[in-house]
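Here the structure comes first, spelled out in structure tokens, and everything after it is commentary.
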Amino acid sequence: MLVLATYDQVSAALADRDLIVPPTPAATTGVGWLRSAVPRFSSGATHARRRGLVEAPLRALVPDTLRRRARALADRPDTAAVEVLAEALGVAVDPAVVVAAARAYLPPVEPTPADDAAVASLVAALGGTWDEATAARACLLVQACASTAGLIRNALPYKDSGVPEAVLAETLRHSPPVRVLRRQAPDGTLTELDLAAANRDPAVFPDPDTFDVHRVGNHRHLSFGVGLRPCPGDNHALAIAAGVLEGSS
259 MLVLATYDQV
269 SAALADRDLI
279 VPPTPAATTG
289 VGWLRSAVPR
299 FSSGATHARR
309 RGLVEAPLRA
319 LVPDTLRRRA
329 RALADRPDTA
339 AVEVLAEALG
349 VAVDPAVVVA
359 AARAYLPPVE
369 PTPADDAAVA
379 SLVAALGGTW
389 DEATAARACL
399 LVQACASTAG
409 LIRNALPYKD
419 SGVPEAVLAE
429 TLRHSPPVRV
439 LRRQAPDGTL
449 TELDLAAANR
459 DPAVFPDPDT
469 FDVHRVGNHR
479 HLSFGVGLRP
489 CPGDNHALAI
499 AAGVLEGSS
């Protein structure tokens, strides 16, 4: 597998239309179904259609409202993001179900029967229909657990270092919750994009191993993606994480 680790290499790969997300096998239930029905693991027109299904509910959510609600849940940093989003989306679901469904969401983790059962419980909470619209809402909750909760955990040790926006920007650079992405070339060659290494490229970020909320340009991190597939919920994730940091102060 080819590994790209510099800032310029990873940025270029994220903008390269010839590199696609490795496709996941089709499935009708469980984690396999979720992976095969969400935008994260699809490309081309399918990705565009599924991304639209994710963006639609996000447009109805006001980041400042999410931030205020997250402050009240700061004593539960591991589940606050899921709870805030579920409430905003009108979904009644036990956060533990989402946590369980998220465990094997990102390849190459192999799902267990318990993981598949958790996805089934999540789909039931979302209305019970195994379609792309349900997958879109499911992935918002699962990725809040897999990514936003990770951002919160990584940022909390630095919560007193500066304003939440600065702390989160430097956390995303210094300690991204998702450290690696994968892409596939037309000939099938797999490429690993090392976000963690790119975010510490000394050619872009001087003294990269130091956590510095005053760092000029820390917002240039690649943790939310750039180019063709930037994260559609970055502002929502930052709002929720900022609210938790504020409530923990």
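Counting from 1, position 31 in the sequence shown corresponds to residue 289 in this note's numbering; the numbering is continuous, with no gaps. Quick reminder that beta carbons are idealized off the backbone N, C-alpha and C, glycines included. Nothing here was measured: the structure is a model prediction, and the numbers come from that model.
*Start-end ranges of the alpha helix (DSSP H) lying completely within the stretch 319–366, minimum 4 residues*: 321–330, 338–347 and 353–360
_Residue span of the alpha helix (DSSP H) that contains glutamate 390, given as start and end_ = The residue labelled residue 390 in the question sits at position 132 within the sequence shown. 390–401 is the span of the alpha helix (DSSP H), which, as asked, contains glutamate 390.
*Hey, quick one: how far does the beta strand (DSSP E) through glutamate 368 stretch, first residue to last?*
Looking up residue 368 in the sequence shown gives position 110. It is not in any beta strand (DSSP E) - glutamate 368 carries neither H nor E in the DSSP assignment.
*Report buried or exposed for alanine 383, applying the criterion of at least 16 other Cβ atoms within 10 angstroms of its Cβ.*
Residue 383 sits at position 125 when you count from the first residue of the sequence shown. Under this definition alanine 383 is a buried residue.
*Output the distance between the C-alpha atoms of alanine 372 and histidine 472, rounded to the nearest integer angstrom.*
Position 114 of the sequence shown, counted from the first residue, corresponds to residue 372. Position 214 of the sequence shown, counted from the first residue, corresponds to residue 472. Computed Cα separation, rounded: 44 Å.
*asked:* What does the alpha-carbon distance come out to for the pair glycine 505 and arginine 327?
replied: Along the sequence shown, one-based indexing puts residue 505 at 247. Along the sequence shown, one-based indexing puts residue 327 at 69. Each residue's alpha carbon lies about 10 Å from the other.
*Where does threonine 449 fall in DSSP's three states?*
By one-based count along the sequence shown, residue 449 stands at place 191. If DSSP states are grouped into helix, strand and coil, threonine 449 belongs with the strands.
_In the DSSP assignment, the alpha helix (DSSP H) including leucine 409 goes from what residue to what residue?_
The residue given as residue 409 occupies position 151 in the sequence shown. Taken as a continuous stretch (DSSP letters only), the alpha helix (DSSP H) holding leucine 409 covers 407–413.
*Identify, in the order they occur along the chain, each residue of the same chain with its Cβ nearer than 6 Å to the Cβ of cysteine 362, setting aside the five sequence neighbours on each side.*
By 1-based counting over the sequence shown, the position of residue 362 is 104. Looking at the sequence provided, one finds alanine at residue 362 rather than cysteine. Hits under 6 Å: Val289, Pro369 and Asp373.
*Tell me which same chain residues have a C-beta within less than 8 Å of the C-beta of glutamate 423, skipping the five on either side of it?*
Against the sequence shown, residue 423 aligns to sequence position 165. Within the same chain, glutamate 423 has close Cβ partners Leu496 and Ala500.
_Do alanine 393 and valine 296 count as a contact pair if the criterion is CB distance below 8 Å?_
Walking along the sequence shown from the start, residue 296 turns up at place 38. Walking along the sequence shown from the start, residue 393 turns up at place 135. Result yes, Cβ atoms of valine 296 and alanine 393 sit closer than 8 Å.
*Excluding sequence positions up to five away, which residues of its chain have a Cβ less than 7 Å from the Cβ of alanine 344?*
Counted from its first residue, the sequence shown places residue 344 at position 86. Val351 and Leu399, listed in sequence order.
*Using the beta-carbon count (16 or more within 10 Å), is leucine 324 buried or exposed?*
Stepping through the sequence shown from its first residue, residue 324 is reached at position 66. It is buried - the Cβ of leucine 324 has at least 16 other Cβ atoms within 10 Å.
*Give the DSSP-derived three-state secondary structure of arginine 473 in the structure shown.*
For this step, residue 473 is matched to residue 215 along the sequence shown. Reduced to three states, the DSSP call for arginine 473 is coil.
*Given a threshold of 16 other Cβ atoms within 10 Å of its Cβ, counted over all protein chains shown, does aspartate 445 qualify as buried or as exposed?*
The residue you call residue 445 lines up with position 187 of the sequence shown. Classification for aspartate 445: exposed.
*Short Cβ contact (8 Å threshold) for alanine 263 with leucine 486*: Working through the sequence shown from its first residue, we reach residue 263 at position 5. Working through the sequence shown from its first residue, we reach residue 486 at position 228. No, the pair does not count as a contact, with Cβ atoms beyond the cut-off.
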